[in-house]
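Peer 1:
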Amino acid sequence: MIEIKNVSKWFGEFQVLADVNEVVQRGQKVVICGPSGSGKSTLLRCINGLEPYQKGEIIVDGVSLSDPKTNLYKLREKLGMVFQRFELYPHMTVLRNITLAPMKVRKKSRQEAEKKAMELLDRVGIPDKAGAYPANLSGGQQQRVAIARALAMEPACMMFDEPTSALDPEMIQEVLEVMIGLAKEGMTMLVVTHEMGFAREVADEIIFMDAGRIIERGRGDEFFKNPKSQRTKDFLGQILK
Amino acid sequence: MLAYKFDWGVLWRQPYGEWLLQGLWLTIQLGALAWVIALSLGILFGTLRSVRFWPLRILGALYVEIFRNIPFLVQLFFWFYAGPMLLVKTLQFKINQISGLNYYIAIFGLGLYTASRVAEHVRAGFASIGHGQFDAVLSTGMTRLQMYWYVMIPHALRLIIPPLTTEFLTIFKNSAVAMTIGVAETTFMSYKIDEQTFHGLEATTGAMAIYLALGMTVVKLMDLIETRFRIPGLMSR
Amino acid sequence: MDAVLKNLPYLLGGFLTNLQLAAFALGGGISLGALVGLGRISKRPWVYYPVTLYVNFLRNIPLILVIFWFFFVMPILVGKTMDPFVSAAVSFVVFEATYFGEIFRAGFQSISKDLVSAAYSTGLTYRQTAAYILVPIAVKRMLPSLITQSIITFQDTSLAYVIGLQEMVRRTTIVDSLEVRSVQLYTFVAILFFVICFVGSRISLHYEEKSRKAKVL
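Protein chains in written order, with this note's numbering: chain A, 4 to 244; chain B, 85 to 321; chain C, 54 to 270.
#1: Roughly how many whole angstroms lie between the Cα atoms of Phe-272 of chain B and Leu-64 of chain C?
#2: Please state whether DSSP places Val-66 of chain A in a helix, a strand or coil.
#3: Residues of chain C with CB closer than 7 Å to the CB of Glu-149 of chain B, please, in chain order.
#4: Per DSSP, what kind of secondary structure is Ala-21 of chain A in: helix, strand or coil?
#5: Flag Gln-162 of chain C as yes if its beta-carbon sits less than 8 Å from any beta-carbon of chain A, otherwise no.
#6: Kindly provide the ranges of any beta strand (DSSP E) runs that are 3 or more residues long and lie completely inside the region 183-234 of chain A, ordered along the chain.
#7: Using a Cβ-Cβ cut-off of 8 Å, state whether Ala-243 of chain C counts as contacting chain B.
#8: Any beta carbon from chain A within less than 8 Å of Pro-197 of chain C's own beta carbon?
#9: Could you tell me the distance, in whole angstroms, from the CA atom of Thr-111 of chain B to the CA atom of Lys-133 of chain C?
#10: For Ser-39 of chain A, count neighbouring C-beta atoms within 10 Å of its own C-beta (all shown protein chains included) and say buried if the count is 16 or more, exposed if not.
#11: Name the chain C residues that come within less than 7 Å of Thr-281 of chain B, Cβ to Cβ?
#12: Does DSSP classify Gly-59 of chain A as helix, strand or coil?
#13: Take Ala-159 of chain A and list the residues in its own chain whose beta-carbon comes closer than 8 Å to its own, dropping the five residues that flank it on each side.
#14: Got a sec: which bits of the region 101-116 of chain A sit with their beta carbon under 9 Å from any beta carbon on chain C, in order along the chain?
#15: Can you give me the Cβ contacts of Leu-123 of chain B inside the same chain, cut-off strictly under 7 Å, excluding the 5 residues immediately before and after it?
#16: Is the number of C-beta pairs between the region 140-157 of chain A and the region 120-131 of chain A that are closer than 8 Å three or more?
#17: Do Tyr-239 of chain C and Tyr-165 of chain B count as a contact pair if the criterion is CB distance below 8 Å?
#18: List the whole-angstrom C-beta distance separating Phe-123 of chain C from Val-143 of chain C, where the pair is believed to meet the contact cut-off of C-beta under 8 Å.
#19: So, is the C-beta of Tyr-76 of chain A closer than 8 Å to a C-beta in chain C?
#20: Would you mind telling me which residues of chain C sit closer than 9 Å to Glu-157 of chain A, beta carbon to beta carbon, in chain order?
#21: In its own chain, which residues sit with a C-beta less than 7 Å from the C-beta of Met-174 of chain A, not counting the 5 before and 5 after it?
#22: In three-state DSSP terms, what is Met-226 of chain B?
#23: Give the residues from the region 136-147 of chain C that approach chain B closer than 9 Å (Cβ to any Cβ), ordered along the chain.
#24: Show which residues of chain A have a CB atom less than 9 Å away from the CB atom of Lys-193 of chain C.
#25: From Trp-96 of chain B to Glu-102 of chain B, what does the alpha carbon distance come to, in whole angstroms?
#26: Look at His-134 of chain A and Leu-98 of chain A and say whether their C-beta atoms are less than 8 Å apart.
#27: Could you tell me the distance, in whole angstroms, from the CA atom of Phe-282 of chain B to the CA atom of Lys-304 of chain B?
#28: Shorter than 8 Å from the beta carbon of Asn-9 of chain A to some beta carbon of chain C?
#29: Ordered along the chain, which non-local residues of its own chain (more than five positions away) have a Cβ less than 7 Å from that of Glu-269 of chain B?
#30: According to DSSP, simplified to helix, strand and coil, what is Gln-6 of chain A?
#31: With the cut-off set at 8 Å, would you say Thr-196 of chain A and Glu-219 of chain A are in Cβ contact?
#32: Just verifying my parser: in three-state terms, what is the DSSP assignment at Phe-163 of chain A?
#33: By how many angstroms is the C-alpha of Gly-225 of chain B removed from the C-alpha of Met-219 of chain B?
#34: Give a yes or no on whether the minimum CB-CB distance between Val-236 of chain C and chain B is below 8 Å.
#35: In terms of alpha-carbon separation, which member of C:Leu-231, C:Phe-157, C:Val-119 lies closest to Thr-210 of chain C?
#36: Around the C-beta of Ala-237 of chain A, are 16 or more other C-beta atoms found within 10 angstroms, so that it is buried, or is it exposed?
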């Protein structure tokens with residue numbers, strides 16, 4: 004459902020993405036790993052149009068991002084995104100965080116939106132926090148709310164940008180569990196992460212990126228046991244210590 | 085609507101063009117002279133607000149709060165209309181003899197008002213220098229007074245050049261209020277041109293250009309000063 | 054205090070005018086200021102440059118001159134002589150919006166880019182993101198500055214004196230020319246302004262303290 008064809012991106016002189024090619028099928032879970040600055044986060048943001056790209060093409064569900072007629076807002080509804088620093092709206096309650104987009108974009112009624120929001124909060128395990136403000140929540144709870152917020156728009160694919168990197172170790176598991184649950188339900192997922200345990204368990208395909216390029220890709224165990232490129236070996240060596 | 089005929093010539097035809105230039109000269113005088121007062125008093129009261137001796141701190145705070153919370157126009161009118169009446173009869177008589185009294189009162193009032201704002205910037209400057217320097221200087225045996233005069237004040241002044249630039253710009257803008265007591269500065273002149281020619285729109289637009297040019301000159305000047313007195317190693321620009 | 058007491062209703066009526074003018078100036082100035090702030094962080098050059106020009110231009114010019122300028126301009130545009138209150142109100146909105154605009158800009162710039170990305174990623178449009186996320190957060194964060202600037206605006210309403218508006222300062226000068234009890238009268242108007250502005254600045258400090266302690270937003 005997502006096709007990335009020969010995409011390159013520059014920030015001024017600096018090339019951030021170089022000839023990236025990838026296809027993500029519906030229901031697939033793809034994990035992207037690599038050192039910082041390798042362009043992983045940038046790639047995600049290009050897919051939902053938050054960042055522009057100069058060369059190549061990205062097609063989401065048949066709609067090309069390069070086409071000037073494309074309605075980016077409609078496209079973004081199909082892609083849910085979860086950020087490293089949660090990015091909940093600090094001035095709104097948890098419930099309102101989740102219901103804002105469905106009410107304003109999908110024009111749902113307050114009751115409808117809140118009902119769905121409570122279901123989602125239940126699913127991520129914190130229905131009791133509906134009236135709380137983000138500042139009163141732990142990191143793990145905030146991230147789960149962020150996941151619920153993204154799910155509220157019923158996306159076809161969920162993208163995660165290092166969802167656990169800003170969390171204290173004891174909270175990483177609760178977020179990963181939600182993500183694993185999503186995977187089991189068949190959600191298409193694109194996850195940038197260092198959590199290799201998660202990748203092993205859930206990923207259909209693992210991509211290693213460095214300096215804006217896809218260096219290697221593989222399936223599950225094969226990727227971890229027999230990495231082909233030296234750079235992959237080095238990186239895995241560091242991560243899996 | 086546009087039954088109005090523009091007459092931009094009003095800006096340079098004599099005597100109007102000359103009026104504007106005379107007004108500009110007065111604006112410069114008002115701003116520059118008031119700035120001298122504002123800096124001196126501002127440094128004084130800003131320092132007072134930072135010393136250990138709390139009665140002086142209160143005095144400084146009182147000064148700042150009073151002059152900050154009353155509109156400048158009201159202050160100016162107070163000095164101009166009520167001021168002379170506060171004086172003893174003999175002084176009062178003498179004062180009323182001075183020609184161009186409004187000019188001096190304008191400078192006085194403008195300086196006093198702006199000083200309260202400068203004082204706040206000076207206080208902030210001291211606050212950002214930090215105790216380390218206080219202690220270091222005092223340990224060399226200088227008295228507090230010497231410390232302030234030779235070290236703290238010059239240091240603080242360099243730190244606060246950007247906000248001081250803003251205040252310097254503001255003083256020229258506030259000088260326009262002096263027109264209400266009859267000082268023939270730029271804004272007054274543009275109004276006078278309107279009285280004579282009914283082309284106030286052109287006159288005031290011309291006055292705007294004058295203030296714009298003045299503002300840019302002030303910024304350039306302060307930039308030069310900042311560069312000349314820059315403290316190496318400290319983040320300034 | 055007899056001159057003051059004798060003319061109290063007249064003087065206070067003028068003060069009311071100052072309050073009314075301030076209300077309009079603030080309502081319009083803050084609303085326009087939010088838009089100006091958005092314009093100042095816009096990535097679209099046809100928005101950014103005109104707005105920046107407008108802000109930088111007006112910040113160099115005395116408010117008194119702006120008040121005069123509008124007083125001369127508006128009859129030309131509208132075709133008949135202008136009510137000084139309306140002319141003053143327009144001048145204030147246009148002028149103060151530049152200052153509020155810079156305050157909003159600082160507020161917007163304190164919001165992390167990713168928060169905005171998060172809003173967009175849920176499908177919200179620019180307008181919705183600005184209205185529901187950017188502006189409310191900026192207001193909460195910049196409340197002390199907004200209050201301080203509002204106090205300044207309130208003080209500035211005294212300048213409407215120059216176009217003959219029957220506000221407090223003008224009325225004080227009128228009474229003074231009759232009674233010549235200048236010290237009383239000007240002290241009175243000074244005290245009135247002082248009280249309002251001082252209270253306002255305390256409120257602003259209170260919010261500053263509150264946000265410094267909470268560090269929540």
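The beta-carbon is built from N, C-alpha and C at its ideal position, and this holds for glycine as well.
The model shown is predicted, which means the values in this text are computed figures rather than measured ones.
Peer 2: To lay it out plainly:
#1: The count along the second sequence starts at 1 and reaches residue 272 of chain B at position 188. The count along the third sequence starts at 1 and reaches residue 64 of chain C at position 11. Those two C-alpha atoms are separated by around 27 Å.
#2: Translated into positions along the first sequence, residue 66 of chain A becomes position 63. If DSSP states are grouped into helix, strand and coil, Val-66 of chain A belongs with the strands.
#3: Taking the first residue of the second sequence as position 1, residue 149 of chain B is located at position 65. Going along chain C in sequence order, the residues near Glu-149 of chain B (Cβ under 7 Å) are Phe-251.
#4: Within the first sequence, numbered from 1, the residue matching residue 21 of chain A stands at position 18. Three-state DSSP puts Ala-21 of chain A in a strand.
#5: Along the third sequence, read from residue 1 onward, the residue named residue 162 of chain C stands at position 109. No - not a single Cβ of chain A is within 8 Å of the one on Gln-162 of chain C.
#6: Counting only runs that start and end inside the region 183-234 of chain A, the beta strand (DSSP E) elements of at least 3 residues fall at 191-195, 208-213, 216-221.
#7: Taking the third sequence and counting its residues from 1, one reaches residue 243 of chain C at position 190. Yes - at least one Cβ of chain B is within 8 Å of the one on Ala-243 of chain C.
#8: The residue labelled residue 197 of chain C in the question sits at position 144 within the third sequence. With 8 Å as the cut-off, Pro-197 of chain C does not count as an interface residue toward chain A.
#9: Numbered from its first residue, the second sequence carries residue 111 of chain B at position 27. Numbered from its first residue, the third sequence carries residue 133 of chain C at position 80. Rounded to the nearest angstrom, the two C-alpha atoms are 33 Å apart.
#10: For the purposes of this step, residue 39 of chain A is identified with residue 36 of the first sequence, where counting begins at 1. Ser-39 of chain A should be labelled exposed.
#11: The count along the second sequence starts at 1 and reaches residue 281 of chain B at position 197. Per Cβ cutoff of 7 Å: no residues; Thr-281 of chain B is ~12 Å from chain C at best.
#12: Sequence index remark: in the first sequence, residue 59 of chain A carries index 56 (1-based). Strand, per DSSP.
#13: As a working mapping, residue 159 of chain A is identified with position 156 in the first sequence. Closer than 8 Å at the Cβ level, and outside the excluded window around Ala-159 of chain A, lie Met-4, Arg-29, Asp-64, Lys-81, Leu-82, Thr-191.
#14: Along the region 101-116 of chain A, going in chain order, the ones with a CB nearer than 9 Å to a CB of chain C are Leu-103, Ala-104, Pro-105, Lys-107, Val-108, Arg-109.
#15: Along the second sequence, read from residue 1 onward, the residue named residue 123 of chain B stands at position 39. Answer for Leu-123 of chain B: Val-202, listed in chain order.
#16: yes
#17: The residue you call residue 165 of chain B lines up with position 81 of the second sequence. The residue you call residue 239 of chain C lines up with position 186 of the third sequence. Contact: yes.
#18: Within the third sequence, residue 123 of chain C is the residue found at index 70, counting from 1. Within the third sequence, residue 143 of chain C is the residue found at index 90, counting from 1. Sure, about 6 Å apart at Cβ, within 8 Å.
#19: Translated into the one-based positions of the first sequence, residue 76 of chain A becomes position 73. Yes, Tyr-76 of chain A lies at the interface with chain C (some Cβ there is under 8 Å from its Cβ).
#20: On the first sequence, residue 157 of chain A is found 154 positions in, with the first residue counted as 1. Going along chain C, no residue has its Cβ under 9 Å from Glu-157 of chain A, so there is no contact; the nearest lies around 11 Å.
#21: As a working mapping, residue 174 of chain A is identified with position 171 in the first sequence. Once the five neighbours on either side are set aside, the close Cβ partners of Met-174 of chain A are Ser-141, Gly-142, Gly-143.
#22: Counted from its first residue, the second sequence places residue 226 of chain B at position 142. Coil.
#23: none
#24: Taking the third sequence and counting its residues from 1, one reaches residue 193 of chain C at position 140. Going along chain A in sequence order, the residues near Lys-193 of chain C (Cβ under 9 Å) are Pro-93, His-94.
#25: One-based indexing of the second sequence puts residue 96 of chain B at position 12. One-based indexing of the second sequence puts residue 102 of chain B at position 18. Their backbone Cα atoms lie some 7 Å apart in a straight line.
#26: Numbered from 1 along the first sequence, position 131 holds the residue referred to as residue 134 of chain A. Numbered from 1 along the first sequence, position 95 holds the residue referred to as residue 98 of chain A. Correcting the residue identity first, residue 134 of chain A is Gly in this sequence and not His. Their beta carbons are under 8 Å apart, which means Gly-134 of chain A touches Leu-98 of chain A by this criterion.
#27: Position 198 of the second sequence, counting from 1, holds the residue named residue 282 of chain B. Position 220 of the second sequence, counting from 1, holds the residue named residue 304 of chain B. Straight-line Cα distance between these residues: approximately 35 Å.
#28: The count along the first sequence starts at 1 and reaches residue 9 of chain A at position 6. At a cut-off of 8 Å between beta-carbon atoms, Asn-9 of chain A makes no contact with chain C.
#29: One-based indexing of the second sequence puts residue 269 of chain B at position 185. Same-chain partners within the cutoff: Gly-107, Leu-110, Thr-111, Leu-114, Ser-259, Ala-260, Ala-262, Met-263.
#30: Here residue 6 of chain A refers to the residue found at position 3 when the first sequence is read from its first residue. The sequence given here places Glu at residue 6 of chain A; Gln does not occur at that position. It is a strand residue.
#31: As a working note, residue 196 of chain A is residue 193 in the first sequence. As a working note, residue 219 of chain A is residue 216 in the first sequence. Against a cut-off of 8 Å, the Cβ pair of Glu-219 of chain A and Thr-196 of chain A comes out as no contact.
#32: In the first sequence, counting from the first residue as 1, residue 163 of chain A sits at position 160. Phe-163 of chain A: strand per DSSP, three-state reduction.
#33: For the purposes of this step, residue 219 of chain B is taken as residue 135 along the second sequence, with counting starting at 1. For the purposes of this step, residue 225 of chain B is taken as residue 141 along the second sequence, with counting starting at 1. Sequence check: residue 219 of chain B is Asp here, not Met. If I take the Cα positions, the gap works out to 10 Å.
#34: Position 183 of the third sequence, counted from the start, is the residue given in the question as residue 236 of chain C. Yes, Val-236 of chain C lies at the interface with chain B (some Cβ there is under 8 Å from its Cβ).
#35: For the purposes of this step, residue 210 of chain C is taken as the residue at position 157 of the third sequence. The shortest C-alpha separation from Thr-210 of chain C is found at C:Val-119.
#36: For the purposes of this step, residue 237 of chain A is taken as the residue at position 234 of the first sequence. Sequence check: residue 237 of chain A is Asp here, not Ala. Exposed is the call here.
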